[in-house]
Amino acid sequence: LAKTTQPISMDSYEGQEVNITCSHNNIATNDYITWYQQFPSQGPRFIIQGYKTKVTNEVASLFIPADRKSSTLSLPRVSLSDTAVYYCLVGLYYGGSQGNLIFGKGTKLSVKP
Amino acid sequence: EAQVTQNPRYLITVTGKKLTVTCSQNMNHEYMSWYRQDPGLGLRQIYYSMNVEVTDKGDVPEGYKVSRKEKRNFPLILESPSPNQTSLYFCASSLRAGYYEQYFGPGTRLTVT
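Respectively, the protein sequence lines represent chains L and G. Read in the numbering used here, the first sequence has 12 at position 6, and its numbers run on one by one without any break. Read in the numbering used here, the second sequence has 1305 at position 94, and its numbers run on one by one without any break.
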């Protein structure tokens, strides 16, 4: 499983767009990039996954450059309720057999009024 | 409602007293795993199970045991708890190993004195 590097923390204000970048230099050809969100005292929850280019859902967008060595989670117009820890994982893919998963320390996003 | 349940949610115990934290999912998922979360260390995988009777170590398995006799249940056993096992524990499940979307339980906060 490719190792990932994310900023430890980020601060933002309500209404701003937040971009969290994850570095994964050793990503393998079959690896997908998956992001989870965790609120205090709750388990993480899946928010978005992608393989290349751009993926968008109702929660976030995920931008992946052509070399796939990094990815950026974009949260549009954040609110106080987006304050959470965001984890980037590499290696999960549909139909894969990856058992050992590494969440790492994640990025703690603090949104201020 | 599709969910992962854990019991107990909170537990205070003493060193050496065997305990079991139960985990159950109602989604017929093949893959289940246990994580512990500690301040500054992020989320670390303890054990995982690819299917019934198939378990394997994660990153921090020392001091823990698991079993998977039924598809829906994956209990975590601490045979002789020690204070360094004081932590927040999460159980998770997914359709199969490597599937991108994992469902997490609400967490069990364990204190060992």
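Note that CB positions come from ideal geometry on N, CA and C, so glycine has one too.
- Within the same chain, and ignoring the five residues on either side of I14 (chain L) in sequence, the residues whose Cβ sits closer than 8 Å to its Cβ are K111, T113, K114.
- Between the stretch 1226-1235 of chain G and the stretch 1281-1290 of chain G, the count of Cβ pairs shorter than 8 Å is three or higher; the stretches touch.
- In summary, I39 (chain L) is buried, with 16 or more beta-carbon neighbours lying within 10 Å of its beta-carbon over all protein chains present.
- In this structure, G:I1257 is the residue among G:T1224, G:Y1300, G:I1257, G:E1281 with its C-alpha nearest to the C-alpha of P1272 (chain G).
- For G1318 (chain G), the nearest CB of chain L lies under 9 Å from its own CB, placing it at the interface with that chain.
- The DSSP-derived three-state label of Q44 (chain L) is strand.
- Within chain G, no C-beta atom comes nearer than 8 Å to that of K75 (chain L); the closest sits roughly 20 Å away.
- Residue pairing for T1322 (chain G): DSSP places it in a beta bridge opposite G:I1223.
- For A1308 (chain G) and F45 (chain L), the gap between their C-alpha atoms comes out near 24 Å.
- Cβ neighbours of S29 (chain L) within its own chain (closer than 8 Å, five residues either side excluded): T10, T11, Q12, K75, S76.
- For F1301 (chain G), the C-beta contacts it makes with chain L under 7 Å involve G49, in order along the chain.
- Between the alpha carbons of K1228 (chain G) and K60 (chain L) lies a distance of about 51 Å.
- Closer than 9 Å at the C-beta level to chain L, one finds these residues of the stretch 1237-1263 of chain G: Y1242, S1244, Y1246, Q1248, G1251, L1252, G1253, L1254, R1255, Q1256, Y1259, S1260, M1261.
- If one requires a minimum length of 3 residues, the beta strand (DSSP E) runs lying completely within the stretch 1228-1303 of chain G are 1230-1236, 1242-1249, 1253-1262, 1265-1268, 1287-1289, in chain order.
- With respect to the 9 Å criterion, Y92 (chain L) and L79 (chain L) are classified as neighbours on the basis of their beta carbons.
- In this structure the stretch 1214-1223 of chain G does not touch the stretch 66-75 of chain L; the number of beta carbon pairs closer than 8 Å is below three.
- G:R1320 is the residue among G:N1239, G:S1260, G:R1320 whose C-alpha sits nearest the C-alpha of P1294 (chain G).
- Counting of Cβ neighbours within 10 angstroms places T1266 (chain G) among the buried residues, the total reaching 16 or more.
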